[in-house]
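A quick write-up on the structure given underneath.
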Amino acid sequence: MLLGSMALQASALQGRIQEVARWRSRQQEDALRSAAMDWLGRLNRSHGCLIDQASSDWSAGASRPCADAIQLAALQRVEGLDHNGQLLEWTPVPAAAGARLRLQLSGLPGPGSAGVQRQARFWVQLGPAPLRATGLQLEAVGGVGA
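For the sequence shown, the working numbering begins at 1 and goes up steadily by one.
Here you go:
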């Protein structure tokens with residue numbers, strides 16, 4: 001009987017651990033989605049002329065007058081209340097009327113007080129001219145290096 005009780009307690013504990021892990025995962029996805037929406041808002045509002053350029057092509061000397069070196073550096077950062085991070089990739093895909101967005105955030109909820117780092121990849125729907133980011137879909141979340 002004691003063995004049965006211990007097995008039941010172990011099963012309940014395992015269920016609770018899985019529940020906490022799912023909750024943490026949802027919290028991380030929400031933070032990543034929120035950071036992506038914030039970043040897209042900044043891109044739309046202040047740097048719309050960069051929407052059709054890959055982030056790897058952005059430079060202070062570009063012929064586009066909408067962003068100087070300081071503004072481009074700020075656009076590479078992703079900041080929130082409980083996390084910070086960086087833009088890893090912005091790649092327009094004109095044939096699909098969209099773009100790939102990849103971010104990395106640090107300080108997301110995780111085991112321990114230090115938080116964890118995660119990367120997320122999004123598909124962004126681009127609207128007609130003038131180009132605007134109009135939709136956001138989370139495609140994948142992974143640990144750093146994923």
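From the three backbone atoms N, C-alpha and C, an ideal C-beta is built for every residue, glycine too.
Buried or exposed by the 16-neighbour rule on C-beta atoms within 10 Å, applied to residue i
i	result
residue 35	buried
residue 59	exposed
residue 92	buried
residue 119	buried
residue 28	buried
Secondary structure of residue i, DSSP reduced to three states
i	result
residue 145	Confidence at residue 145 is low in this model, with a pLDDT of 43, below 50, so its placement is unreliable and no value can be given for it.
residue 94	helix
residue 59	coil
residue 80	coil
Own chain, CB closer than 6 Å to residue i, minus 5 neighbours either side, in chain order
i	result
residue 39	78
Separation of residue j from residue i, as counted between CA atoms
i	j	result
residue 121	residue 5	44 Å
residue 15	residue 110	18 Å
residue 96	residue 90	14 Å
residue 105	residue 3	44 Å
residue 30	residue 125	19 Å
residue 57	residue 94	16 Å
Own chain residues within Cβ distance below 7 Å of residue i, not counting five before or after
i	result
residue 145	With a pLDDT of 43 at residue 145, under the threshold of 50, the predicted position of this residue should be treated as unreliable, though the coordinate-derived value follows. Around residue 145: no qualifying Cβ.
Query raised in the report: Does the pairing of the region 19-37 with the region 50-57 give three or more beta-carbon distances under 8 Å?
Result: no
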